[in-house]
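Protein chains in written order, with this note's numbering: chain A, 25 to 278; chain B, 23 to 289.
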């Protein structure tokens, strides 16, 4: 029953959404160049199914690679800022300032710095746009650790590393996964920024750009749906990981 | 050596460095806790009681004087100490059993994992937590969490137990339950206790000796011997003898508070 609800409700919601969309386009008699309807999307997917698979793979692996680097670097920055007040005071304004730069403006900068290294540029952008929330949440998680937790282990003679492993790390996991959910979506934005602003014949962003050039509006909408699909898949992978590693933070419903 | 002192605080003076200069919290403090006895330290709030627990645990060094455990001067944390605070600070991601097992993962010991679990389970059943060992702390009531915290403080058989207002956040009836559990634990296990508390009845019911600290900077102002024997019931708190002791403690604390108010006026 619970399983049925968990699957049936979201699926019904999606179906209702598609029907409303179809009805809206039909009711307004919008032509395809204004807004494509869901029934136009299947032919587009079918026609370009090979491209969707290979470009989708480009987008996916570069997003995941950027995200992985963001996790490593973001956690590193978070640990530096979480453990050292000097580091926090020094790094925080720099990171906030960097995060405030609209990343679209960085795309041409990076493209000029590393001409032709398209994969690297794309991964780099996915990383740059997504590491900030991870760094902030890890640093907050670590710096708000109640001193009693530390005292309990310290009074037993535990080393700093043991305190980190047994307390700081697991206690920060819920915040980390919360940030990771945001970072997943951001990483996709980063990948697509490069693919659309500096098209290089790879990725769903490029397919979107081709759709734009050839005025194939159903294709453009189909790309959006494909991106949404990939985003959902990655997001729920994070949700599953969160359940496994930080499920304790979820209070039982009473 | 029946009267050997397990905890010996001698001439301890300590100040915190603040922006406005040093803030003295303890001044020439002397407290002795005999082996396997229970001393309750009471005093006005903010008089440096928690500083005292950190000094005994070896988390801090005093500016002057010395803290000895079993005759040995404390320079760093000792694994022969167990601690419990007002906040039970259980690790939310671990089951109750695994929380209790935590000290055994850190303190060097030769126990097999089966022996560790047996040890933890025997303590859990002693405090009435049998059957909830696999639950997470968030599923337990405040009193149960504090009981688990006591088990964790004792699982590695520490010689010294430091309690910093352990029952302060509990309601009156739960607190009385915990007092009785404390007596049950003392009957089964051998440890020397120093407890910080605000609750005078708690100190009379649990302790062999009550020490009243003066206002900041704190020094031992008055020591009360609680000669109620080892078998105590809650009714014993309402005998003339207990009421006299409570009144005496109350009066000494008022004197201590008066002193600390005067110090504040001066500054």
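Just so you know, even glycine gets a beta-carbon here, dropped at the ideal spot from N, CA and C. It should be emphasised that the depicted structure is a prediction, and the values quoted were computed from it without experimental measurement.
Beta-carbon of residue 71 (chain B) versus every beta-carbon of chain A: anything under 9 Å? Under the Cβ distance rule, residue 71 (chain B) does not count among the residues neighbouring chain A, no pair being separated by less than 9 Å.
Whole angstroms are fine: how far does the CA of residue 146 (chain B) sit from the CA of residue 152 (chain B)? 6 Å
Can you list the residues of chain A that residue 158 (chain B) reaches, using a CB-CB cut of under 8 Å?
272
Cβ of residue 162 (chain A) within 9 Å of Cβ of residue 103 (chain A)? In this structure, residue 103 (chain A) lies closer than 9 Å to residue 162 (chain A) by Cβ.
* **Under the three-state DSSP convention, the category residue 79 (chain A) falls into** => helix
> Is the CB of residue 186 (chain A) under 9 Å away from at least one CB in chain B?
Replying inline: yes
| query | Between the stretch 196-216 of chain A and chain B, which residues of the former have a C-beta closer than 8 Å to a C-beta of the latter? | reply | 197
Exercise. Express the C-alpha separation of residue 271 (chain A) and residue 277 (chain A) in angstroms, rounding to a whole number.
Key: Residue confidence is low: residue 277 (chain A) scores 49 on pLDDT, short of 50, so the model does not pin down where it sits. No coordinate-derived value is stated.
| Residues of chain A with a CB under 8 Å from the CB of residue 105 (chain B): which are they? | Correct list: 175, 176, 179.
**Q.** Beta-carbon contacts of residue 360 (chain B) that lie in its chain and below 6 Å, excluding the five residues immediately before and after
**A.** As displayed, chain B neither begins before 23 nor continues past 289, which places residue 360 (chain B) out of reach and without an answer.
If residue 55 (chain B) and residue 216 (chain B) are in contact, beta carbons under 8 Å, what's the gap, nearest whole angstrom? Confirmed, Cβ separation roughly 6 Å.
Residues of chain B with CB closer than 8 Å to the CB of residue 170 (chain A), please, in chain order. 109, 111
Hey, quick one: how far does the alpha helix (DSSP H) through residue 139 (chain A) stretch, first residue to last? Segment: none, residue 139 (chain A) is in no alpha helix (DSSP H) and carries neither H nor E.
For a minimum of 4 consecutive residues, which ranges assigned as the alpha helix (DSSP H) are wholly contained in the stretch 200-242 of chain B? 222-228
| task | Give a yes or no on contact between the stretch 225-238 of chain A and the stretch 40-57 of chain A, applying the rule of three or more CB pairs nearer than 8 Å. | result | no
Review point. Is any beta-carbon of chain B found at less than 9 Å from that of residue 30 (chain A)?
Key: With respect to chain B, the C-beta atom of residue 30 (chain A) has no partner C-beta closer than 9 Å.
Three-state class that DSSP yields for residue 127 (chain A) in the structure shown: helix
| request: Could you name the residues of the stretch 39-71 of chain B whose beta carbon sits closer than 9 Å to any beta carbon of chain A, in the order they occur along the chain? | output: none
- How about residue 218 (chain B): is its C-beta nearer than 9 Å to some C-beta of chain A? no
Among B:72, B:148, B:246, which one has its Cα closest to the Cα of residue 268 (chain B)? B:246
So which of A:175, A:244, A:223 has the shortest CA-CA distance to residue 67 (chain A)? For residue 67 (chain A), the nearest C-alpha among the options comes from A:244.
Task: residue 207 (chain B) and residue 164 (chain B) closer than 9 Å at C-beta - done: no
Beta-carbon neighbours of residue 182 (chain A), restricted to chain B and to distances below 7 Å:
128
In this structure, how does DSSP classify residue 68 (chain A) when only helix, strand and coil are distinguished?
Correct three-state label for residue 68 (chain A): helix.
Practice task
Assign residue 105 (chain B) to buried or exposed, taking buried as 16 or more other Cβ atoms, counted over all protein chains shown, within 10 Å of its Cβ.
Solution key: buried
Q) If you draw a straight line from the alpha carbon of residue 148 (chain B) to that of residue 119 (chain B), how long is it in whole angstroms? A) Computed Cα separation, rounded: 14 Å.
- Give a yes or no on whether 9 Å exceeds the smallest Cβ distance from residue 81 (chain B) to chain A. yes
**Prompt:** For chain A, is any of its Cβ atoms less than 9 Å away from the one on residue 100 (chain B)?
**Reply:** yes
Legend entry - Range of the contiguous beta strand (DSSP E) that encloses residue 44 (chain B): 43-56
Using the DSSP secondary-structure output, state which residues sit across from residue 104 (chain B) in a beta bridge.
The partner list for residue 104 (chain B) (beta bridge, DSSP) reads B:183.
Check: Is DSSP giving residue 90 (chain B) helix, strand or coil here?
Finding: strand
- Task: Determine the closest residue to residue 280 (chain B) out of B:66, B:45, B:38, with distance taken between C-alpha atoms.
- Result: B:66
Does DSSP put residue 245 (chain B) in a helix, a strand or coil? Here residue 245 (chain B) sits in strand by DSSP.
Mapping the DSSP letters down to three states, classify residue 257 (chain B) as helix, strand or coil.
Correct three-state label for residue 257 (chain B): helix.
Whole angstroms are fine: how far does the CA of residue 219 (chain B) sit from the CA of residue 79 (chain B)? If you take the alpha carbons of residue 79 (chain B) and residue 219 (chain B), they lie about 17 Å apart.
key: Alpha carbon of residue 91 (chain B) to alpha carbon of residue 181 (chain B), nearest angstrom   = So the two alpha carbons sit approximately 9 Å from each other.
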